[in-house]
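Have a look at the structure below before the remarks.
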Amino acid sequence: MISEPLKNPLSLFDVSGKSALITGASGALSRAVAISLASLGAKLTLAAGTQDELEQVAAECRTVGAAAGAEVQIINCRPNSLEDAEAMVNLAVESYGDLELMFIGSGYNKAGFIHEQSLEDWQSVMDANVRGNWLMAKAYGTYRINNKKKGGKVVMVSSVRGRHGNISGYTGYCSSKGATVMLTRVLATEWGQHQINVNSIAPTVFRSKLTAWMYDEDNELGQATKARSLSRLPLGRLGEPEDFVGIALYLLSPASDFCTGQIMYVDGGFSAG
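If you use the working numbering, the sequence shown closes out at 1385, no skipped numbers anywhere.
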């Protein structure tokens, strides 16, 4: 007998009607994930700290998701506290009856050489990239486990810099992304008994507001930094948000039900060399 996934493999990527929470939704990568999920008919709760940009992403999601029956709501919030994280989770649950999928895309970087960077700046990076992830995971896991909900998907964003160092004053960023790697693995082992999958995506440089200076032809430092990055990429180009979508959909869909605790490098081959 041939199983349904073999007869209809695209059914493995079906997320229609699933409740999904996306943090950092106004950022380039989270926006790409949000629009893609909306086009497939998911029920979205989008969170970000910038209201006008958040509303713009929500409008885009409603436009592309209208035919698929997508639903979209927003909450102007960052995971700065457990109360913030719980507010995001609770809104999704109260609005859609459940929260099955969570993409944690919020993050921050402020580069600085360690002998020059203040403790406050380093801590702000760690808080955004590690503490924020931990808080979102805690709020999500508490809801699902306490309510005896089996299954679920959590996807975090690490970086190739969680595995490779950087000469440009990244002690905060690299450390935070390395911590994200270990948080992913620990949660995967801790939550396996609840059938909750936890994975991370580790990109290289992608086009976004934060990296726009590297794409500016008139920015000499940006062009030099871009050239240095390209020299390490076998595919010979930097990432575009569209390059991020395939792996995100895989990790948020039933296609990845037997994949957990993994760090998926979407880096043009950077980590291979």
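For glycine and all other residues, C-beta sits at the position ideal for the given N, C-alpha and C.
Query raised in the report: Just curious, the alpha helix (DSSP H) that residue 1352 is in, first and last residue?
Result: Along the sequence shown, one-based indexing puts residue 1352 at 240. Neither: residue 1352 is in no alpha helix (DSSP H) and is coded neither H nor E.
Requested in this report: Using the DSSP secondary-structure output, state which residues sit across from residue 1185 in a beta bridge.
Outcome: As a working note, residue 1185 is residue 73 in the sequence shown. In the DSSP output, where bridge partners are listed per residue, residue 1185 has 1157.
Query raised in the report: What residues in its chain sit with their C-beta under 7 Å from that of residue 1310, if we drop five residues either side in the sequence?
Result: On the sequence shown, residue 1310 is found 198 positions in, with the first residue counted as 1. Answer for residue 1310: 1266, 1296, 1299, 1300, 1303, 1372, 1373, listed in chain order.
Query raised in the report: So the alpha helix (DSSP H) residue 1201 belongs to, where does it begin and stop?
Result: Walking along the sequence shown from the start, residue 1201 turns up at place 89. Element bounds for residue 1201: 1194 to 1208.
Query - Residue interval of the alpha helix (DSSP H) (run including residue 1257) - result: Residue mapping note: residue 1257 aligns to position 145 of the sequence shown, counting from 1. 1244 to 1258 is the span of the alpha helix (DSSP H), which, as asked, contains residue 1257.
Query - Alpha-carbon to alpha-carbon, residue 1148 and residue 1169 - result: In the sequence shown, residue 1169 corresponds to position 57, counting from 1. In the sequence shown, residue 1148 corresponds to position 36, counting from 1. C-alpha separation (whole angstroms): 12 Å.
Report task. Measure the Cβ-Cβ separation of residue 1166 and residue 1183 and say whether it is below 9 Å. Result -> Here the question's residue 1166 lines up with position 54 in the sequence shown. Here the question's residue 1183 lines up with position 71 in the sequence shown. No, they are not a contact pair.
Query raised in the report: Where does the unbroken alpha helix (DSSP H) through residue 1191 begin, and where does it stop?
Result: In the sequence shown, residue 1191 corresponds to position 79, counting from 1. Segment: none, residue 1191 is in no alpha helix (DSSP H) and carries neither H nor E.
Query raised in the report: Where does residue 1238 sit, in a helix, a strand or coil, going by DSSP?
Result: Locating residue 1238 in the sequence shown gives position 126, where the first residue counts as 1. Helix, per DSSP.
Query raised in the report: So does the segment 1223 to 1237 actually touch the segment 1195 to 1203, counting three or more Cβ pairs closer than 8 Å?
Result: No: fewer than three Cβ pairs fall under 8 Å.
Query - Three-state class that DSSP yields for residue 1107 in the structure shown - result: The first residue shown for the chain is 1113 and the last is 1385, placing residue 1107 beyond what the model contains.
Query raised in the report: Near residue 1263, which residues of its chain fall below 6 Å by C-beta distance, leaving aside the five closest residues on each side in sequence?
Result: Position 151 of the sequence shown, counted from the first residue, corresponds to residue 1263. Taken in chain order, the residues that qualify are 1307.
Report task. Using only alpha-carbon positions, find the residue among 1202, 1152, 1289, 1227 that is nearest to residue 1217. Result -> What you label residue 1217 is simply residue 105 of the sequence shown in a count that begins at 1. With distances taken between Cα atoms, residue 1217 lies closest to 1289.
Query raised in the report: Can you name, in chain order, every residue of its own chain whose Cβ lies under 8 Å from the Cβ of residue 1178, other than the five neighbours on each side?
Result: Numbered from its first residue, the sequence shown carries residue 1178 at position 66. Taking C-beta separations shorter than 8 Å and ignoring five residues to either side along the sequence, residue 1178 has no partners in its chain.
Query raised in the report: CB residue 1364 to CB residue 1132, shorter than 9 Å?
Result: Counting from 1 along the sequence shown, the entry for residue 1364 is found at position 252. Counting from 1 along the sequence shown, the entry for residue 1132 is found at position 20. Yes, the pair counts as a contact, with Cβ atoms nearer than the cut-off.
Report task. Kindly give me the distance between the Cβ atoms of residue 1201 and residue 1251, rounded to whole angstroms, as I take these residues to be in contact under 8 Å. Result -> Here the question's residue 1201 lines up with position 89 in the sequence shown. Here the question's residue 1251 lines up with position 139 in the sequence shown. So it is a contact: roughly 4 Å between Cβ atoms.
Query raised in the report: Three-state secondary structure (DSSP) at residue 1285?
Result: Indexing the sequence shown from 1 puts residue 1285 at position 173. Helix at residue 1285.
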